[in-house]
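Visitor: First the structure, then my questions, so here it is.
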Amino acid sequence: MNEVWYVVGLVAVSAAVLVLGVWFVRREIRDEISPAPLLWTGYAVVAAFVVFGVLRTSWVVLS
Amino acid sequence: MRTRAAILNESSLGWIGLAGRLYLGFIFLSAGLAKLPEPAITEQAVRGYQLLPWQLAPAYAIAMPIAEIVLGVLLILGLFTRTAALATALGLCSFIVGITAAWARGLNIDCGCFGGGGASADPTYLADTLRDLGWLAIAVYLIVLRRTKLALDDLLFRRGAPSADYYSESSKKTELGSST
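Residue numbers (numbering that gives the first Met the number 0), protein chains in the order written: chain Z, 0 to 62; chain S, 0 to 179.
The following block contains the structure:
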């Protein structure tokens, strides 16, 4: 049960981080800090890292 | 239009950013230097978490200290500061996930953050997690801040001269007065 709640929390926090990431990238594009394609590519790389980390950790914790 | 107070405020935020950069940089540098000469012990610490595939542990045990040293140096120098802070934040997130996952599964291990690691009779998960969350807050601050003081970024990738918005009304008047 402890493990299940841990995974639920991990997924919730990670989803919040990904949403915050979208806000951050849009703010950077609006302020013309870096080109939009570069920022979205960077976001995709980070999001892939986060999703992979969440999936791997959840699988290990629940198995 | 920016007021003088806003410029002063921006300046002090930059100095706080410098302090955070140096602190986090030295933390990562010392963590990397502590682990680099002992890859076998670091490998044991990595395996203790039981998160990574067994075969990946040796490569991770060598790559992690090197990455920590590189990130530490970049933060101290203020070179690619925001990218380094982002990588540092991701690394800290992975450490927090590793520690809390071990905690949730009831493992008894030392975090091995500054060398050592593996089985431990007295794990300090709460303290380790809170400490890493504090460092994560500093890394996020460096990402959001954009510019810090005494950074090589400013020297190498200096943007154009400050726009008119950078000056307050009083300083504009002073400059106009001096030119006539």
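Backbone N, C-alpha and C fix where the C-beta goes; we use that ideal spot for every residue, glycine too.
Taking the CB atoms as reference points, tell me whether residue 57/S and residue 35/S lie closer together than 7 Å.
Guide: For the purposes of this step, residue 57/S is taken as residue 58 along the second sequence, with counting starting at 1. For the purposes of this step, residue 35/S is taken as residue 36 along the second sequence, with counting starting at 1. No.
Visitor: If you count every other CB in all the chains shown that lies within 10 Å of the CB of residue 35/Z, and 16 or more means buried, which is it?
Guide: The residue given as residue 35/Z occupies position 36 in the first sequence. Per the 10 Å Cβ criterion, exposed.
Visitor: Taking Cβ positions, are residue 134/S and residue 74/S nearer each other than 7 Å?
Guide: Walking along the second sequence from the start, residue 134/S turns up at place 135. Walking along the second sequence from the start, residue 74/S turns up at place 75. No. Outside cutoff.
Visitor: For residue 48/S and residue 103/S, what's the separation of their Cα atoms in angstroms?
Guide: Translated into the one-based positions of the second sequence, residue 48/S becomes position 49. Translated into the one-based positions of the second sequence, residue 103/S becomes position 104. So the two alpha carbons sit approximately 11 Å from each other.
Visitor: In chain S, what lies closer than 7 Å to residue 60/Z by C-beta?
Guide: Reading the first sequence from its first residue, position 61 is the one you call residue 60/Z. Per Cβ cutoff of 7 Å: 100, 103 and 104.
Visitor: Any heavy atom of the ligand HEM closer than 6 Å to the beta-carbon of residue 73/S?
Guide: Here there are no bound small molecules, and the ligand HEM is not part of this structure.
Visitor: Whole angstroms are fine: how far does the CA of residue 139/S sit from the CA of residue 8/S?
Guide: As a working note, residue 8/S is residue 9 in the second sequence. As a working note, residue 139/S is residue 140 in the second sequence. Each residue's alpha carbon lies about 19 Å from the other.
Visitor: Please work out which residues of its chain come closer than 8 Å, Cβ to Cβ, to residue 55/Z, disregarding the five sequence neighbours upstream and downstream, and give them in chain order.
Guide: By 1-based counting over the first sequence, the position of residue 55/Z is 56. Nothing meets the Cβ criterion.
Visitor: Measure the C-alpha to C-alpha separation of residue 46/Z and residue 17/Z and round it to an integer number of angstroms.
Guide: Position 47 of the first sequence holds residue 46/Z. Position 18 of the first sequence holds residue 17/Z. Roughly 7 Å between the two C-alpha positions.
Visitor: Which residues, in chain order, does the segment 31-56 of chain S contribute to contact with chain Z at a C-beta distance below 8 Å?
Guide: The residues in question are 49 and 50.
Visitor: Any Cβ of chain S within less than 7 Å of the Cβ of residue 56/Z?
Guide: One-based indexing of the first sequence puts residue 56/Z at position 57. Taking Cβ atoms only, chain S reaches closer than 7 Å to residue 56/Z, which makes this a yes.
Visitor: With 7 Å as the threshold, decide whether the Cβ of residue 44/Z is near any Cβ in chain S.
Guide: Here the question's residue 44/Z lines up with position 45 in the first sequence. No - not a single Cβ of chain S is within 7 Å of the one on residue 44/Z.
Visitor: Using a cut-off of 7 Å between C-beta atoms, extract the partners of residue 2/Z located in chain S.
Guide: On the first sequence, position 3 is the one that residue 2/Z refers to. Ordered by position in chain S, the residues that pass the 7 Å Cβ test against residue 2/Z are 103 and 104.
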